[in-house]
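A.B. asks: Here you go, one structure.
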Amino acid sequence: MIDDGGPIFRQVADLIENAIVDGSLAEETQAPSSNELAAFHRINPATAAKGLNELVTDGVLYKRRGVGMFVATGAREQLLKRRRSEFADQYVRPLMAEAQKLGIPARDLAAMIHEWETQR
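To get the working numbering, take the position in the sequence shown, counting from 1, and add 22.
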């Protein structure tokens, strides 16, 4: 879903990345075209193309001349690896730093997480 939460081209790239990560856009399948994305989300085709081209630059998509863009082999694993690293930086490191300030050892923190998970 395109919203006001950042550059539109980045949101387009995020939509495609999410589809790859969740498996709804499999490796070696054709990605939506910039015109399809533009029509569906009511955005400029050049903006949609910029988002797609960012994924080509990152090696997530590749172009087949005259056919379109396709999900690269290994794209899902590449995205998962990057997102796991970002997750650690954004959530785990601050969590561990706060736990250390509070004197909570890692094993107790792990127990808290496990307890929370079982109560959901």
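Virtual Cβ for every residue (Gly too), placed ideally from N, Cα, C.
1) Indicate the three-state DSSP secondary structure (helix, strand or coil) for R86 in the structure shown.
2) Pairing CB atoms from the region 76-84 with CB atoms from the region 37-45, are three or more of them under 8 Å?
3) Could you tell me which of Q52, G28, T140 sits nearest to T95, measuring between CA atoms?
4) Is there a Cβ of chain C sitting closer than 9 Å to that of I38, yes or no?
5) Ends of the alpha helix (DSSP H) at Q141?
6) Using 8 Å as the cut-off, can you tell me whether the region 67-74 makes contact with the region 26-33, which would need three or more C-beta pairs spanning the two stretches below that distance?
7) So, E49 versus I42, is the Cβ gap smaller than 9 Å?
8) Are V93 and I65 closer than 9 Å when you measure CB to CB?
9) At which residues does the alpha helix (DSSP H) containing G75 begin and terminate?
10) Would you kindly work out how many angstroms separate the C-alpha atoms of E139 and A61, rounded to a whole number?
11) Taking the C-alpha atoms as reference points, what is the distance between S55 and D25?
C.D. replies: Considering the structure as presented:
1) One-based indexing of the sequence shown puts residue 86 at position 64. If DSSP states are grouped into helix, strand and coil, R86 belongs with the strands.
2) yes
3) For the purposes of this step, residue 95 is taken as the residue at position 73 of the sequence shown. Among Q52, G28, T140, the Cα nearest to that of T95 is on Q52.
4) Looking at the structure shown, chain C is missing, and only one protein chain is on hand.
5) The sequence position of residue 141 within the sequence shown is 119, counting from 1. Where Q141 is concerned, the enclosing alpha helix (DSSP H) stretches over 128-141.
6) yes
7) Sequence index remark: in the sequence shown, residue 49 carries index 27 (1-based). Sequence index remark: in the sequence shown, residue 42 carries index 20 (1-based). One thing to note: E49 has its Cβ within 9 Å of the Cβ of I42.
8) Looking up residue 93 in the sequence shown gives position 71. Looking up residue 65 in the sequence shown gives position 43. Not in contact: V93 and I65 (Cβ atoms no closer than 9 Å).
9) What you label residue 75 is simply residue 53 of the sequence shown in a count that begins at 1. The question names Gly, but residue 75 in the sequence shown is Asn. Taken as a continuous stretch (DSSP letters only), the alpha helix (DSSP H) holding N75 covers 67-79.
10) In the sequence shown, the residue the question calls residue 139 occupies position 117. In the sequence shown, the residue the question calls residue 61 occupies position 39. Approximately 41 Å between the Cα atoms of the pair.
11) Your numbering for residue 55 matches position 33 in the sequence shown. Your numbering for residue 25 matches position 3 in the sequence shown. Their Cα atoms are separated by approximately 20 Å.
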